[in-house]
Amino acid sequence: GKALITGGAGFIGSHLVDRLLKEGWAVRVVDNFSSGRYSNLAHHRDNPMLEIIRGDLKDAETSMRVVEGVDVVFHYAANPEVRVSTTNPDIHFNENVVATFNLLEAMRKKDIRKLVFASSSSVYGEPEKIPVSENAPIKPVSVYGASKAACESLIHAYSKLYGIKSVVLRYANVVGPRLRHGIIYDIIQKLRKNPRRLEVLGDGTQVRSYIYITDAIEATMLTFKNMNDYFEVYNIGNEDWITVDEVVNVIIKVMGLSNVEIIHKPIAHGVGWPGDVKRIALSIEKLKSLGFKPRMNSIESVKEAAKHVANEP
Ligand code: NAD
289 GKALITGGAG
299 FIGSHLVDRL
309 LKEGWAVRVV
319 DNFSSGRYSN
329 LAHHRDNPML
339 EIIRGDLKDA
349 ETSMRVVEGV
359 DVVFHYAANP
369 EVRVSTTNPD
379 IHFNENVVAT
389 FNLLEAMRKK
399 DIRKLVFASS
409 SSVYGEPEKI
419 PVSENAPIKP
429 VSVYGASKAA
439 CESLIHAYSK
449 LYGIKSVVLR
459 YANVVGPRLR
469 HGIIYDIIQK
479 LRKNPRRLEV
489 LGDGTQVRSY
499 IYITDAIEAT
509 MLTFKNMNDY
519 FEVYNIGNED
529 WITVDEVVNV
539 IIKVMGLSNV
549 EIIHKPIAHG
559 VGWPGDVKRI
569 ALSIEKLKSL
579 GFKPRMNSIE
589 SVKEAAKHVA
599 NEP
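Structure below.
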């Protein structure tokens with residue numbers, strides 16, 4: 289079959305390209321290279337099964353063109369930086385909601401009937417207790433989370449109205465090689481600039497779960513292969529969760545540093561920025577019912593990812 293991967297030059301998208309090519313799929317990537325990089329796909333340069341299109345999904349015609357002739361769409365293009373939407377809410381509305389709408393319209397018009405969507409744990413906002421299951425209320429506290437929730441709602445309606453079978457995947461923090469945003473990347477960048485003094489956003493007690501990219505891709509493929517109902521939602525994360533300070537300490541160790549002066553910069557109730565969530569972790573019982581078991585826990589995932597990211601240019 290032939291798969292379209294939007295955002296296929298990005299972090300998760302490019303790993304998905306690797307996996308689908310390995311499984312014998314023909315793959316088309318569309319990416320506007322805003323955060324994606326050609327180098328993430330350069331190792332496939334001589335593979336005739338991979339087609340790369342530079343294009344922007346905010347453009348309706350581009351969306352129409354790229355879905356042509358594919359069996360399934362993996363929609364991973366988005367602006368994934370939760371923090372940018374605090375000052376520029378329009379970015380997440382356009383990059384996430386408008387782009388998704390264009391893609392759904394293209395799928396409807398071209399009769400493409402399968403969709404896997406990269407959503408996020410941020411749709412849950414600040415849950416009362418963790419871990420949250422897929423049935424927990426959707427109450428985003430960032431425009432990024434709201435944009436993902438809006439995409440999910442559009443997808444639900446399209447699947448119901450036009451028979452587009454859909455899998456919505458709410459990812460926790462996915463980490464690994466090629467990662468270029470989020471806490472691990474930020475902390476490493478800061479420590480490269482100044483290995484003696486580190487500013488940490490928030491009071492350091494914020495809680496999250498981290499899943500390694502190979503586990504996340506494994507889970508993604510499993511949910512895709514089990515696609516049957518018209519619309520399914522899965523949490524994809526780890527079974528444990530750790531604090532920001534634990535993440536910071538692992539990174540400091542991996543980089544071989546010591547005596548780093550750590551300065552916490554909390555706002556409000558100890559979070560790092562408006563829209564940041566204090567405690568989030570996902571229940572993955574539904575995913576486990578498909579036979580999934582993460583191979584690395586949160587600390588191991590952060591450690592392995594930090595080793596890679598710290599050695600990337
Ligand atoms: P990424 O920035 O590496 O990947 C996103 C890709 O989409 C980039 O290659 C970018 O160039 C491309 N893109 C952005 N806007 C586009 C547009 N309008 N048209 C075409 N291409 C466009 O980020 P990622 O971490 O790989 O995230 C992939 C998806 O997973 C995103 O939808 C993100 O919201 C979601 N997600 C990621 C995480 C995580 O921890 N990494 C967690 C939850 C959800």
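Per this note's numbering: the sequence shown = residues 289 to 601. Ideal Cβ placement from N, Cα and C applies to all residues, glycine included.
Self-check item: residue 443 Cβ short of 7 Å to the ligand SAM heavy atom set
Solution: Looking for the ligand SAM in the displayed structure turns up nothing; the ligands present are the ligand NAD.
Quiz item: What separation, rounded to the nearest whole angstrom, lies between the Cα atoms of residue 530 and residue 356?
Solution: 43 Å
Quiz item: Beta carbon of residue 455, beta carbon of residue 536: below 8 Å?
Solution: no
Practice problem: For the beta strand (DSSP E) containing residue 402, list its first residue and its last residue. | Solution: 402-408
Quiz item: Per DSSP, which one or two residues make a beta bridge with residue 551?
Solution: 487
Quiz item: When DSSP labels each residue in this structure, what does residue 523 get in the three-state scheme?
Solution: strand
Self-check item: Pair within 8 Å by beta-carbon distance, residue 364 and residue 396
Solution: No, the Cβ-Cβ distance between residue 364 and residue 396 is not below 8 Å.
Quiz item: Is residue 347 helix, strand or coil when you go by DSSP?
Solution: coil
Quiz prompt | Straight-line Cα distance separating residue 569 from residue 409 | solution = Whole-angstrom Cα-Cα distance: 8 Å.
Self-check item: Beta carbon of residue 401 nearer than 8 Å to that of residue 452
Solution: yes
Exercise. Classify residue 306 as helix, strand or coil using the three-state DSSP reduction.
Key: helix
Self-check item: 8 Å Cβ shell around residue 573 - same chain, five flanking residues per side excluded
Solution: These residues qualify, in order along the chain: 421.
Quiz item: When every heavy atom of the ligand NAD is checked, does at least one fall within less than 7 Å of the C-beta of residue 383?
Solution: yes
Exercise. Per DSSP, which residues does residue 469 bridge with? Please list them.
Key: Residue 469 pairs with nothing; no bridge assigned.
Practice problem: Have a look at the DSSP bridge pairing and note the partners of residue 572. | Solution: Answer is none; residue 572 lacks a bridge partner.
Quiz item: Going by other Cβ atoms of all chains shown within 10 Å of its Cβ, with 16 needed for buried, is residue 326 buried or exposed?
Solution: exposed
Practice problem: Enumerate in chain order the residues of its own chain whose CB-to-CB distance from residue 301 is below 6 Å, with the five nearest sequence positions on each side excluded. | Solution: 293, 295, 364
Quiz prompt | residue 546 at chain D interface by Cβ criterion, 8 Å | solution = Protein chain content of the structure displayed is limited to a single chain, and chain D is not contained in it.
Quiz item: Taking buried to mean at least 16 other C-beta atoms within 10 Å of its own C-beta, is residue 336 buried or exposed?
Solution: Exposed, because fewer than 16 other Cβ atoms sit within 10 Å of the Cβ of residue 336.
Quiz item: Within 10 angstroms of its Cβ, does residue 388 collect 16 or more other Cβ (buried), or is it exposed?
Solution: buried
Quiz prompt | Contact set for residue 427: own chain, Cβ-Cβ below 6 Å, skip 5 residues either direction | solution = Taken in chain order, the residues that qualify are 413.
Practice problem: Quick one: measure Cβ to Cβ for residue 460 and residue 499, integer angstroms, because I've assumed they're closer than 8 Å. | Solution: 6 Å
Quiz item: Does the Cβ of residue 627 lie closer than 7 Å to at least one heavy atom of the ligand NAD?
Solution: Outside the shown range of the chain, which is 289 to 601, sits residue 627, and nothing can be said about it.
Quiz prompt | Residue range of the unbroken alpha helix (DSSP H) whose run includes residue 512 | solution = 501-513
Exercise. Please confirm if the stretch 548-560 is in contact with the stretch 514-530, defined as three or more CB-CB distances below 8 Å between the two stretches.
Key: Taking a cut-off of 8 Å on C-beta distances, the stretch 548-560 does not touch the stretch 514-530, as fewer than three cross pairs fall below it.
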